[in-house]
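This report refers to the structure that appears directly beneath it.
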Amino acid sequence: MSFFKKSSESLFPLVNIYEDHDYFYFYIYLPDHNCATLKIICHHSEVIFTGKLTLPKAPKALYKEVYSTPIYRKFTLPSPIIEKVIATVHTEIGREYVIKKASSIHT
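Residue numbers 6 to 112, in our numbering, belong to the letters of the sequence shown in order.
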């Protein structure tokens, strides 16, 4: 969707954003064990996802690599939202977070 501003810091994890008249839906592609460390901040028309991705250590690694990396994704939405996630749906490859639009509270 072209009206969302892209984060300049990072494009991981992959996030798909959908909306309807009342809600925004954020689908985050992260393995379930990594979603536990994800923190979501909702403020006015911004949604920020932060956390730390920890990769499983391979027993035969060729190099000593860093097995964790910070996650930071920030989205500016075209309309204000209420400042909390109202539903979470778990799947094998990620999670979907549902956030209500503030304009739909009064209608």
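The beta carbon of each residue, even a glycine, is placed where N, CA and C say it ideally should be.
Whole-angstrom distance between residue j and residue i, CA atom to CA atom
i   : j   : result
Y28 : G56 : 24 Å
I53 : L35 : 15 Å
T93 : T59 : 21 Å
H95 : P75 : 21 Å
8 Å contact criterion, which residue i and residue j should meet: CB distance rounded
i   : j    : result
I86 : I98  : The Cβ separation is near 25 Å, so there is no contact.
F31 : Y102 : 5 Å
Three-state class that DSSP yields for residue i in the structure shown
i    : result
S108 : helix
K89  : coil
Y102 : strand
L35  : coil
Buried or exposed (CB count within 10 angstroms, at least 16 for buried), residue i
i   : result
I33 : buried
L19 : exposed
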